[in-house]
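If you read the sequences in order, they're chains A and B.
Letter by letter, the first sequence follows residues 7 to 118 of the numbering used here.
Letter by letter, the second sequence follows residues 3 to 114 of the numbering used here.
Quick notes on the structure that follows.
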Amino acid sequence: EDQVTQSPEALRLQEGESSSLNCSYTVSGLRGLFWYRQDPGKGPEFLFTLYSAGEEKEKERLKATLTKKESFLHITAPKPEDSATYLCAVQARTGTASKLTFGTGTRLQVTL
Amino acid sequence: ETGVTQSPTHLIKTRGQQVTLRCSSQSGHNTVSWYQQALGQGPQFIFQYYREEENGRGNFPPRFSGLQFPNYSSELNVNALELDDSALYLCASGGTAEGSYTFGSGTRLTVV
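See below:
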């Protein structure tokens with residue numbers, strides 16, 4: 007069974023204090039690993055898809071990396087508007103094509 | 003604007019009742035998925051519809067059912083509501099060129 011574990015559960019940073027979120031996964035053949043951002047009471051907002059170990063993608067202050075067992079979301083010089091829950095999900099090569107298996111997320115709070 | 007619209011935004015039902023949630027997805031995306039997100043948890047896959055047929059289901063009982071229509075809209079029906087069905091229900095439209103899945107803002111269902 008596909009599994010995703012995210013750590014830490016919650017993270018509090020001061021503005022400008024860089025850090026990384028971790029996503030460990032087990033999957034029966036990885037089709038893709040996804041990062042989403044979710045604000046309270048809203049649906050997940052797509053950030054990145056990574057497909058193979060060694061791949062990296064960047065968007066503003068965020069950078070996602072992928073190895074064979076885990077992914078990291080690096081946040082450089084965060085701002086208060088980066089406060090949200092960050093969700094990681096995997097999609098397997100076999101089984102239902104669009105099924106995403108999510109972790110429980112990391113709740114990020116960035117303070118002034 | 004996500005391109006995926008869900009209605010209603012909030013709903014309160016009594017245990018044992020039936021509920022229908024609606025989703026209007028982006029034109030041209032013939033795959034729609036439904037997820038259940040309990041408070042503090044990641045979204046859990048309920049099922050997927052492709053060209054108006056269910057072609058994948060997660061660990062949810064048959065009282066969770068759905069429909070997909072030719073105009074790319076979709077419904078999630080839940081019969082015999084239980085208190086544990088209280089959650090945010092998310093609809094996702096799939097298959098963009100980036101490999102991402104676009105989520106709606108969800109319907110918050112409360113069962114009392």
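Note that CB positions come from ideal geometry on N, CA and C, so glycine has one too.
> Which residues, taken in chain order from the region 29–61 of chain A, show a beta carbon closer than 8 Å to some beta carbon of chain B?
Replying inline: Of all residues in the region 29–61 of chain A, G38, F40, Y42, G47, K48, G49, P50, E51, F52, T55, Y57 have a Cβ within less than 8 Å of some Cβ in chain B.
>> If I follow the unbroken beta strand (DSSP E) through L56 of chain B, where does it start and stop?
In response: Per the sequence presented here, residue 56 of chain B reads as Glu, with Leu not at that position. Counted as a single uninterrupted DSSP element, the beta strand (DSSP E) harbouring E56 of chain B occupies residues 55–59.
> Roughly how many angstroms lie between the CA atoms of P45 of chain B and L118 of chain A, to the nearest whole one?
Replying inline: So the alpha carbons of these two residues sit roughly 30 Å apart.
> Would T110 of chain A count as contacting chain B if we go by Cβ distances under 8 Å?
Replying inline: For T110 of chain A, the answer is yes, since a Cβ of chain B falls inside 8 Å of its Cβ.
> Around the Cβ of T100 of chain A, are there at least 16 other Cβ atoms within 10 angstroms (buried) or fewer (exposed)?
Replying inline: T100 of chain A is exposed by the Cβ-count criterion.
>> Tell me the rounded alpha-carbon separation between G22 of chain A and F62 of chain B.
In response: Computed Cα separation, rounded: 43 Å.
>> Strictly under 8 Å for the Cβ-Cβ distance: is S104 of chain A near chain B by that measure?
In response: S104 of chain A belongs to the set of residues whose beta carbon lies under 8 Å from a beta carbon in chain B.
> Any chance the region 34–51 of chain B sits against the region 55–63 of chain A, with 3 or more Cβ pairs inside 8 Å?
Replying inline: Taking 8 Å as the limit for Cβ pairs, the verdict is that the region 55–63 of chain A does not touch the region 34–51 of chain B.
>> At the level of alpha carbons, what is the spacing between S89 of chain A and S26 of chain A?
In response: C-alpha separation (whole angstroms): 14 Å.
>> Assuming the contact rule is C-beta atoms closer than 8 Å, Q8 of chain B and S107 of chain B should be a hit. Round their C-beta distance to whole Å, please.
In response: Taking C-beta atoms under 8 Å as the contact rule, Q8 of chain B and S107 of chain B qualify, at a distance of about 6 Å.
> By Cβ distance, which residues of its chain are closer than 6 Å to L69 of chain B, with the 5 residues on each side in sequence left out?
Replying inline: Hits under 6 Å: E77.
>> Please state the DSSP three-state secondary structure of E87 of chain A.
In response: Correct three-state label for E87 of chain A: helix.
>> Just to confirm the assignment, what range does the beta strand (DSSP E) spanning F66 of chain B have?
In response: Unbroken beta strand (DSSP E) run through F66 of chain B: 66–70.
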